[in-house]
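Peer 1: Following this message is one structure expressed as structure tokens.
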Amino acid sequence: MDRMDDAPAYPVGLRLRGRRVVVIGGGQVAQRRLPALLTAGADIVVVSPQATASVEAMAAAGEVRWERRAYRPGDLAEAWYALVASTDPAANAAASAEAEERRVWCVRSDDADAATAWTPATGRTEGVTVAVLTGRDPRRSAAVRDAVVEGLRDGSLVAPRHRERTAGVALVGGGPGDPDLITVRGRRLLAEADVVIADRLGPRDLLDELPPHVEVIDAAKIPYGRAMAQEAINAALIEHAKAGKAVVRLKGGDPYVFGRGMEEAEALAAEGIAVTVVPGISSSISVPGAAGIPVTHRGVAHEFTVVSGHVAPDDARSLVDWAALARMRGTLVLLMAVERIGAIADTLIAGGRPAGTPVAVVQEGTTAAQRRVDATLSSVARVVAEEGVRPPAVVVVGDVVTVGRTAGPSRG
Ligand SMILES: C[S@@+](CC[C@H](N)C(=O)[O-])C[C@H]1O[C@@H](n2cnc3c(N)ncnc32)[C@H](O)[C@@H]1O
4 MDRMDDAPAY PVGLRLRGRR VVVIGGGQVA QRRLPALLTA GADIVVVSPQ
54 ATASVEAMAA AGEVRWERRA YRPGDLAEAW YALVASTDPA ANAAASAEAE
104 ERRVWCVRSD DADAATAWTP ATGRTEGVTV AVLTGRDPRR SAAVRDAVVE
154 GLRDGSLVAP RHRERTAGVA LVGGGPGDPD LITVRGRRLL AEADVVIADR
204 LGPRDLLDEL PPHVEVIDAA KIPYGRAMAQ EAINAALIEH AKAGKAVVRL
254 KGGDPYVFGR GMEEAEALAA EGIAVTVVPG ISSSISVPGA AGIPVTHRGV
304 AHEFTVVSGH VAPDDARSLV DWAALARMRG TLVLLMAVER IGAIADTLIA
354 GGRPAGTPVA VVQEGTTAAQ RRVDATLSSV ARVVAEEGVR PPAVVVVGDV
404 VTVGRTAGPS RG
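Each number in this note's numbering corresponds to the 1-based position in the sequence shown with 3 added.
Here it is, written out as structure tokens:
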């Protein structure tokens, strides 16, 4: 066989579903390559006396057929494609020669020059497969692949879909505030939007990165005349979507955690507008976490309950069973509770939760302004007032508050 010349490889996408791929060797190289071959639906035979635990597990699961022996001439008889990656140079050379003779494209892990095919560095995101070949520099291939995939994921590489892109609304959970805590899908949709309607909470820094043609609307400033604010937001979403725009409704945390996401989704669906919902990292878990508080901890709390404190416990509109919550010993995470924390704490104590239960209040979690104050159930109202704690804040009640806390006791 001729040694490879310097001509660049001809890129192609192999459609391997149901087609035989023979892998000679069951070591690390095979282990790394098999998942992509499986994803492509290939009919895989691994020929190797030994295999790594992962390759063995794939064989045990019936995902690949493992011939537990050394390579034999004729192994490539049914193959469309071969990967030669054993630790035996003679077997590699013989398998490679058989591939050449049978005109089976063959990748070699031990000798790229002798191979008839090269494996590109590949990545996949949102229906795009990125494959990079740089000849003899696999690290550079991987770096280019990473840059492209990351760029597509986080929206810094904007490549709008032309065929599939449909006007509609994406309800995107933006996470608690740190711009790094939005999902990659959310960030990409944001980068592809024509109109963004954003809440006060959430990753507002991301709005500054949007290109100038994107119309950014502050949901709090939508004039609502005699309609409710939520109806006015729904009307704005509908109006822009009906104008054929790609609209992102950027919400704090997760759209379905006290976010009225379903109300918006229903209003849009009623108008026949396509809605995509992108989950977000909810402040109820991430804000305590950012302040060093795990909402569960082995041996301390086996449950956590997320409760809205936007109406007081004695308010007739309250749907919360405060008496039941007071009897539970797990973690209580209260959102929208700063204004009513005194009444809530009193109700919990009256219902049986010990007055000395540790409490932490975390304001503007995950942002540069994050701060945490510690108290107990009996002192929290006073501490919140003295410290001037303001919304948005998450209140955490329970023994998890002191887990991992080395500095300073609670103010009781
Ligand atoms: C209307 S709820 C929306 C919750 C949101 N959908 C979520 O999943 O995080 C607003 C409340 O979430 C909490 N919150 C949201 N972001 C926060 C943050 N960065 N720091 C502290 N609390 C936050 C506060 O309790 C705030 O009053």
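We put the CB at the ideal spot given by N, CA and C, even for glycine.
On the CB-based measure, 16 or more other CB atoms within 10 Å of its CB, does L322 come out buried or exposed?
Peer 2: Looking at its Cβ environment, which holds fewer than 16 other Cβ atoms inside 10 Å, L322 is exposed.
Peer 1: Less than 8 Å separating the beta-carbons of A117 and A102?
Peer 2: Contact flag unset, no.
Peer 1: Heavy atom of ligand 1 less than 7 Å from the Cβ of T119, yes or no?
Peer 2: T119: no, Cβ never under 7 Å from ligand 1.
Peer 1: When the Cα atoms are used, what is the spatial distance from L210 to I344?
Peer 2: Distance between the alpha carbons of L210 and I344: 32 Å.
Peer 1: Relative to the alpha-carbon of V24, which residue among A232, A12, L40 and L335 has its alpha-carbon at the smallest distance?
Peer 2: When only C-alpha atoms are compared, the closest one is L40.
Peer 1: Based on the DSSP secondary-structure assignment, which residues constitute the bridge partners of H243?
Peer 2: DSSP output for H243 lists no bridge partner at all.
Peer 1: For the 8 Å Cβ check, are there 3 or more pairs between the segment 352-365 and the segment 373-380?
Peer 2: Contact between the segment 352-365 and the segment 373-380 is present, because at least three Cβ pairs lie under 8 Å.
Peer 1: Using only the heavy atoms of ligand 1, determine whether one of them is closer than 7 Å to the beta carbon of K224.
Peer 2: Outside the cutoff, so no.
Peer 1: Pull up the DSSP beta-bridge partners for V110, would you.
Peer 2: Paired residues: L86 and A120.
Peer 1: Grab me the residues of H313's own chain with a C-beta within less than 7 Å of its C-beta, minus the 5 sequence neighbours each way, in chain order.
Peer 2: M339, listed in sequence order.
Peer 1: Does the distance between the C-beta of M339 and the nearest non-hydrogen atom of ligand 1 fall short of 7 Å?
Peer 2: Within the cutoff, so yes.
Peer 1: Comparing alpha-carbon positions, which option in D202, R68 and E389 lies nearest Q233?
Peer 2: When only C-alpha atoms are compared, the closest one is D202.
Peer 1: What would DSSP say about D9, mapped onto helix, strand or coil?
Peer 2: Looking at D9 - three-state DSSP - the assignment turns out to be coil, as it is neither helix nor strand.
Peer 1: Inspect the beta-carbon positions of R148 and A115 and report whether they are closer than 8 Å.
Peer 2: For R148 and A115, no; Cβs fall outside 8 Å.
Peer 1: Return helix, strand or coil for G126, following the three-state DSSP convention.
Peer 2: Strand at G126.
Peer 1: Using 7 Å as the cut-off, classify the Cβ of T369 as near or not near the heavy atoms of ligand 1, replying yes or no.
Peer 2: Yes, since a heavy atom of ligand 1 falls inside the 7 Å radius drawn around the Cβ of T369.
Peer 1: What three-state label does DSSP hand R23 in the structure shown?
Peer 2: R23 falls in the strand class under three-state DSSP.
Peer 1: Rounded to the nearest angstrom, how far is the Cβ of V278 from that of L271, given a contact under 8 Å?
Peer 2: 5 Å between Cβ atoms; contact.
Peer 1: Out of K224, P11, E104 and I185, state which residue places its alpha-carbon closest to the alpha-carbon of W121.
Peer 2: Residue P11 is the option with its Cα nearest to W121.
Peer 1: Kindly indicate the opening and closing residues of the alpha helix (DSSP H) around V260.
Peer 2: Here V260 belongs to no alpha helix (DSSP H), and DSSP marks it neither H nor E.
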